[in-house]
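These notes concern the structure reproduced below.
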Amino acid sequence: MQNRNPVFCGMKLITWPILAALLVCFSSVLYGQHKFNGNFEILDRTGNPLGWDFTLKNQTNYLVKLDSTVKRQGKYSVSITNRPGPDYGSIVFRINKRYRGSRLVLGGNLKTKDVTDGFAGLWMRTDGANGKRISFDNTEKPAFNGTNDWKEFMIQLPYDGREVATIHVGAVMAGKGTMWVDSLRLYIDEKPIDDVLEIQLPLYEALNDTQFDKSSGIDTILFTPSGQKYLTVLGELWGFLKYHHPAIANGKFNWDAELFRILPDLIRCTNDMQASMLMERWVDKLGQVKPCTNCKTPTAPGLIALKPDYGSLFKNKIFSNTLSNKLAYILKNSNNLTHYYVDGLKDAAHTSFPHESSYADKKYPDAGQRLLALYRYWNTIQYFSPYRDLTTENWNSVLPAFIPQVIKAHDEYEYVNTITRLIASIHDSHAFIESEVRERSFGKYKLPFDAAFVENQFVVVSSLKKTADDRKNLRLGDIITAINGEKVQSLVNKYTPLTPASNRGTVLRDMRGLYLLRGNDSLFTLQIIRDHLPLAIVQSGSQARSSDLYLIPPKPVYHLIDDDIGYIHCETYQNTQLDSIKTRFKNTKGIIVDMRGYPIDVIESTLAAYFKSGPSDFVKFSERSISQPGTFIFKPAVKNGTISTNYYKGKVVVLVNENTQSNSEFVTMAMQSAPNVTVIGSTSAGADGNITPIYLPGGITTWISGIGVYYPDGYNAQRVGVKIDRIVKPTVKGIKERRDEVLEEAKKLIRIDNH
Numbered sequence: 001m002q003n004r005n006p007v008f009c010g011m012k013l014i015t016w017p018i019l020a021a022l023l024v025c026f027s028s029v030l031y032g033q034h035k036f037n038g039n040f041e042i043l044d045r046t047g048n049p050l051g052w053d054f055t056l057k058n059q060t061n062y063l064v065k066l067d068s069t070v071k072r073q074g075k076y077s078v079s080i081t082n083r084p085g086p087d088y089g090s091i092v093f094r095i096n097k098r099y100r101g102s103r104l105v106l107g108g109n110l111k112t113k114d115v116t117d118g119f120a121g122l123w124m125r126t127d128g129a130n131g132k133r134i135s136f137d138n139t140e141k142p143a144f145n146g147t148n149d150w151k152e153f154m155i156q157l158p159y160d161g162r163e164v165a166t167i168h169v170g171a172v173m174a175g176k177g178t179m180w181v182d183s184l185r186l187y188i189d190e191k192p193i194d195d196v197l198e199i200q201l202p203l204y205e206a207l208n209d210t211q212f213d214k215s216s217g218i219d220t221i222l223f224t225p226s227g228q229k230y231l232t233v234l235g236e237l238w239g240f241l242k243y244h245h246p247a248i249a250n251g252k253f254n255w256d257a258e259l260f261r262i263l264p265d266l267i268r269c270t271n272d273m274q275a276s277m278l279m280e281r282w283v284d285k286l287g288q289v290k291p292c293t294n295c296k297t298p299t300a301p302g303l304i305a306l307k308p309d310y311g312s313l314f315k316n317k318i319f320s321n322t323l324s325n326k327l328a329y330i331l332k333n334s335n336n337l338t339h340y341y342v343d344g345l346k347d348a349a350h351t352s353f354p355h356e357s358s359y360a361d362k363k364y365p366d367a368g369q370r371l372l373a374l375y376r377y378w379n380t381i382q383y384f385s386p387y388r389d390l391t392t393e394n395w396n397s398v399l400p401a402f403i404p405q406v407i408k409a410h411d412e413y414e415y416v417n418t419i420t421r422l423i424a425s426i427h428d429s430h431a432f433i434e435s436e437v438r439e440r441s442f443g444k445y446k447l448p449f450d451a452a453f454v455e456n457q458f459v460v461v462s463s464l465k466k467t468a469d470d471r472k473n474l475r476l477g478d479i480i481t482a483i484n485g486e487k488v489q490s491l492v493n494k495y496t497p498l499t500p501a502s503n504r505g506t507v508l509r510d511m512r513g514l515y516l517l518r519g520n521d522s523l524f525t526l527q528i529i530r531d532h533l534p535l536a537i538v539q540s541g542s543q544a545r546s547s548d549l550y551l552i553p554p555k556p557v558y559h560l561i562d563d564d565i566g567y568i569h570c571e572t573y574q575n576t577q578l579d580s581i582k583t584r585f586k587n588t589k590g591i592i593v594d595m596r597g598y599p600i601d602v603i604e605s606t607l608a609a610y611f612k613s614g615p616s617d618f619v620k621f622s623e624r625s626i627s628q629p630g631t632f633i634f635k636p637a638v639k640n641g642t643i644s645t646n647y648y649k650g651k652v653v654v655l656v657n658e659n660t661q662s663n664s665e666f667v668t669m670a671m672q673s674a675p676n677v678t679v680i681g682s683t684s685a686g687a688d689g690n691i692t693p694i695y696l697p698g699g700i701t702t703w704i705s706g707i708g709v710y711y712p713d714g715y716n717a718q719r720v721g722v723k724i725d726r727i728v729k730p731t732v733k734g735i736k737e738r739r740d741e742v743l744e745e746a747k748k749l750i751r752i753d754n755h
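The UniProt record's numbering puts the sequence shown at residues 1 to 755.
Pasting the structure below:
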């Protein structure tokens with residue numbers, strides 16, 4: 001999903017393979033800085049446009065060249081033509097300067113010839129100082145393909161020079177044919193980028209410590225019970241100091257590097273005294289913390305949503321009294337209002353972590369880096385997750401449990417799976433994972449249909465694009481019992497620990513596309529039940545994008561059902577339609593709002609407010625305390641609605657299921673604050689609010705829910721989903737008959753008291 005909405009994120013965060021590949025290919029190349037050469041007129045010594053990279057990891061399956069015969073203006077354009085091989089080719093121009101401004105706009109002209117099986121387009125991405133993506137967009141939709149003369153295109157991204165270290169712009173072609181690109185222009189707040197003022201950031205001492213940029217120097221860690229004990233308290237201490245000590249907050253120390261320096265000595269410790277003395281010297285190295293004269297008093301207990309938890313840091317038997325006292329002093333006098341490793345200290349609702357290296361050049365990190373991944377993730381949850389207390393396992397027990405697992409991970413796949421299990425243990429449907437190794441492990445083939453768990457059975461819910469009505473092809477309602485000789489239930493048990501999600505429904509939702517319908521073999525053997533009879537079907541997989549594999553019916557726009565019920569789908573509704581909806585639905589018995597998807601517009605203050613006669617509370621948030629890491633504080637409740645006599649007075653029924661996630665849940669909560677709203681369906685995704693990215697060694701990026709979201713009465717929908725008035729679920733019979741049983745129930749509810 002693109003970063004177009006700064007607060008809420010849905011389920012489609014990771015883009016399709018072309019774009020994911022671009023993120024990898026154009027992430028960490030060093031280059032000289034030039035003015036933006038968008039017309040390709042300035043050439044370097046090799047005859048290529050100055051500043052442009054045509055290599056795409058030495059791409060040989062697409063021919064990228066300067067073209068002097070076909071051009072929009074000036075002397076040259078650039079053409080991209082496919083040859084047999086991978087399904088995309090691209091060019092990129094990188095800018096590693098920071099500017100003042102709030103919005104990036106890329107414009108350019110494209111021309112195509114015989115482009116099929118894909119599109120020609122522009123793309124743009126921004127990265128942070130750690131090389132990880134902040135935002136991304138392209139012109140994939142609507143697809144520009146076929147044969148076309150020159151046409152102008154434009155894309156835009158939000159921009160903040162304090163966060164964005166590198167801007168990437170370019171053109172991409174997916175599929176077959178030839179495209180040309182010319183006359184690219186890049187603007188920040190309507191000014192050509194070369195005319196915009198640059199931002200000069202502070203020079204941090206930590207940036208000069210590059211000794212361990214490529215390796216921790218620790219290839220193996222011999223695991224012992226005493227070693228596990230010391231590594232546990234070290235992980236707690238490392239995170240506590242990172243987020244509390246002013247020397248680290250001020251950027252004086254590269255805290256990854258300091259971990260790698262102390263680890264070899266700690267591993268050799270044979271008793272508690274040695275370990276305590278070593279870690280005390282480590283703390284002393286940071287310098288004395290000045291007494292805090294302006295530290296804020298503790299928040300009133302009734303406003304605290306979540307208290308900090310320091311694990312065994314202040315109650316273990318390893319630390320000496322002097323070390324424990326020093327840590328207590330640091331805690332008492334900690335008041336970091338800026339931080340080298342934490343951005344957003346002045347805006348607690350939006351958190352990011354600059355200067356966190358993902359060590360992306362090594363997909364299988366060494367033992368020290370693997371342990372760092374565990375420490376970094378565990379402490380991020382400990383101090384920045386509003387839902388730390390909702391994990392099934394006590395979060396303090398997770399750190400020692402995973403230490404032997406990350407140490408013993410013997411290759412890149414076991415490492416990624418270990419980190420995936422760690423991430424899954426927080427049970428957050430916002431915990432998307434972006435990893436080249438993980439994506440590769442799913443397999444390059446996908447089954448060309450969709451299936452879902454209905455009545456505890458794995459049921460085909462989509463039609464193949466090319467089917468004949470015979471016993472050799474899958475049909476709607478077929479029940480899949482085994483895939484490639486392994487029972488579906490066995491597969492579910494295997495992959496549940498590897499599927500991060502808030503609840504059982506979202507585990508099964510995400511598992512099907514990640515694991516069950518993917519594989520490395522092009523042929524899938526399926527055991528199915530159809531009309532109570534067992535069948536075996538061999539189905540070919542496809543490497544095409546998922547949206548091309550099977551028939552996906554278009555989402556319906558707002559319309560009348562039988563002239564007396566209005567219907568609105570969140571994925572097609574736009575606020576510009578509200579006036580027309582009010583007129584068209586004025587005399588209806590009720591309105592059905594289908595929230596089984598992700599809204600494309602901001603609805604809570606518009607459509608949701610239309611169902612209310614006046615303002616009332618609908619949500620309250622918890623945000624992290626800036627001065628007390630690990631503490632989350634309730635904020636005042638938020639209202640929606642305005643005083644009006646022109647509000648909708650009929651019944652409103654809202655439909656939800658496992659695809660109702662994040663902003664969809666937020667909007668549902670807003671609608672529930674109206675007295676005439678009934679919510680029906682099944683458990684929603686249980687992940688509301690904005691998201692916070694976390695970068696881990698091995699080039700892994702993951703996310704967590706960044707703020708707490710609650711009903712005004714304090715009910716927390718995280719993991720359990722929004723409040724539901726009536727549970728209604730699809731049936732296998734309904735799937736076979738192509739019926740929407742949840743929608744049917746909504747119509748009954750509206751009409752039941754209107755006859």
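Built from N, CA and C at the ideal position, the CB exists for glycine as well. Computed from a prediction, not measured in an experiment: that's the story for all the values here.
query = Quick check: the region 285 to 297 against the region 320 to 335, are there 3 or more CB pairs under 8 Å?
reply = A contact exists between the region 285 to 297 and the region 320 to 335.
ask   = Can you tell which of Thr692, Ser622, Asn716, Gly131 has its C-alpha closest to the C-alpha of serine 705?
value = It is Thr692 whose Cα lies nearest to the Cα of serine 705.
message = Just to confirm my understanding: we take aspartate 521, look at its own chain, exclude 5 residues before and 5 after, and list those with CB closer than 7 Å. What are they?
response = Residues Tyr445 of the same chain have their beta carbon placed closer than 7 Å to that of aspartate 521, with the five preceding and five following residues left out of the count.
task = For the beta strand (DSSP E) holding alanine 165, just list the boundary residues, first then last.
result = Element bounds for alanine 165: n/a, residue is neither H nor E.
message = If we require 3 or more residues per run, which beta strand (DSSP E) segments fall completely within the region 131 to 162?
response = For the region 131 to 162, whole beta strand (DSSP E) runs of length 3 or above, ordered along the chain, are 133 to 138, 146 to 158.
ask   = Where does the unbroken alpha helix (DSSP H) through threonine 232 begin, and where does it stop?
value = First-last of the alpha helix (DSSP H) with threonine 232: 225 to 244.
task = Report yes if the CB atom of phenylalanine 119 is closer than 7 Å to the CB atom of alanine 171, and no otherwise.
result = No. Outside cutoff.
query = In or out: methionine 154 buried (at least 16 other Cβ within 10 Å) or exposed?
reply = Sixteen is the threshold: since fewer than 16 other Cβ atoms of the shown chains lie within 10 Å of the Cβ of methionine 154, the residue is exposed.
Rounded separation between glycine 121 and phenylalanine 458 - CA only = Cα to Cα, glycine 121 sits roughly 38 Å from phenylalanine 458.
task = Determine which residues share a DSSP beta bridge with glutamine 527 and list them.
result = DSSP output for glutamine 527 lists Ala482, Ala536 as bridge partner(s).
message = I need the boundaries of the alpha helix (DSSP H) containing tyrosine 204, first residue and last residue.
response = Tyrosine 204 -> no alpha helix (DSSP H), and no H or E assigned at all.
query = Is it right to say glycine 235 is buried, meaning 16 or more other beta carbons lie within 10 angstroms of its own, or is it exposed?
reply = Buried, because 16 or more other Cβ atoms sit within 10 Å of the Cβ of glycine 235.
key: Within 7 Å, strictly: CB atoms of valine 461 and aspartate 478   = Judged by beta-carbon spacing, aspartate 478 lies beyond the 7 Å limit of valine 461, meaning their Cβ atoms are not closer than that value.
key: Helix, strand or coil at valine 459 [DSSP, three-state]   = Of the three classes helix, strand and coil, the one that applies to valine 459 here is strand, per DSSP.
task = Tell me the start and end of each unbroken alpha helix (DSSP H) in the region 294 to 349 that is at least 4 residues and wholly inside, in chain order.
result = Taking only runs of at least 4 residues, the alpha helix (DSSP H) segments lying wholly in the region 294 to 349 are 321 to 332.
Sequence-distant residues of the same chain with beta carbon closer than 6 Å to methionine 511, five excluded per side = The residues are Tyr495, Thr499.
inquiry  = Given 6 Å as the limit, tell me if leucine 263 has its C-beta closer than that to any heavy atom belonging to the ligand FAD.
reply    = This structure lacks the ligand FAD; in fact it carries no ligand of any kind.
message = How far does the alpha helix (DSSP H) with tyrosine 598 in it extend, from its first residue to its last?
response = Unbroken run through tyrosine 598: none, as it is neither H nor E.
query = What span of residues does the beta strand (DSSP E) with valine 454 cover, start to end?
reply = Looking at the DSSP string, the run of the beta strand (DSSP E) that includes valine 454 is 451 to 454.
query = Quick one: what does DSSP say phenylalanine 634 is sitting in, helix, strand or coil?
reply = If DSSP states are grouped into helix, strand and coil, phenylalanine 634 belongs with the strands.
task = Counting only the same chain and skipping the five closest in sequence on each side, list residues whose C-beta sits under 6 Å from that of tyrosine 243.
result = Non-local beta-carbon contacts of tyrosine 243 in its own chain, meaning distances under 6 Å to residues more than five positions away in sequence, involve Tyr383, Pro629 in chain order.
ask   = Among Glu258, Trp255, Gln274, which one has its Cα closest to the Cα of tyrosine 230?
value = The option with the nearest alpha carbon to tyrosine 230 is Gln274.
ask   = Quick one: Cα of lysine 736 to Cα of leucine 516, how far?
value = Going from the Cα of lysine 736 to the Cα of leucine 516 covers about 21 Å.
ask   = Can you tell me where the alpha helix (DSSP H) with alanine 401 in it begins and where it stops?
value = 395 to 408 is the extent of the alpha helix (DSSP H) around alanine 401.
task = State buried or exposed for proline 556, treating a residue as buried only when at least 16 other CB atoms are found within 10 Å of its CB.
result = With fewer than 16 Cβ atoms within 10 Å of its Cβ, proline 556 is classed as exposed.
message = When you compare the region 403 to 419 with the region 360 to 376, are there three or more beta-carbon pairs, one atom per stretch, that lie closer than 8 Å?
response = Output reads yes: the region 360 to 376 touches the region 403 to 419.
task = Taking tyrosine 573 as the reference, give the member of Glu604, Thr588, Asp562, Asp309 with the closest Cα.
result = Closest in alpha carbon position to tyrosine 573, among Glu604, Thr588, Asp562, Asp309, is Glu604.
task = Find the nearest neighbour of asparagine 657 within the set Ile561, Val619, Trp703, Tyr598, judged by alpha-carbon distance.
result = Nearest option by C-alpha distance: Tyr598.
message = Do valine 677 and methionine 669 count as a contact pair if the criterion is CB distance below 7 Å?
response = In this structure, methionine 669 lies away from valine 677, with their beta-carbon atoms at least 7 Å apart.
message = Could you compute how far the alpha carbon of alanine 608 sits from the alpha carbon of asparagine 640?
response = Each residue's alpha carbon lies about 8 Å from the other.
Endpoints, alpha helix (DSSP H) assigned at threonine 420 = Element bounds for threonine 420: 412 to 424.
key: Any 3 or more C-beta pairs closer than 8 Å across the region 388 to 395 and the region 725 to 732   = Contact between the region 388 to 395 and the region 725 to 732 is absent: fewer than 3 CB-CB pairs across the two stretches fall below 8 Å.
key: Host beta strand (DSSP E) of tyrosine 62 (start-end)   = Run containing tyrosine 62: 62 to 67, per the beta strand (DSSP E) assignment.
inquiry  = Whole angstroms are fine: how far does the CA of tyrosine 88 sit from the CA of proline 404?
reply    = Proline 404 and tyrosine 88: Cα-Cα distance of roughly 41 Å.
ask   = Do you know how far the Cα of threonine 576 is from the Cα of glycine 108?
value = If you take the alpha carbons of glycine 108 and threonine 576, they lie about 28 Å apart.
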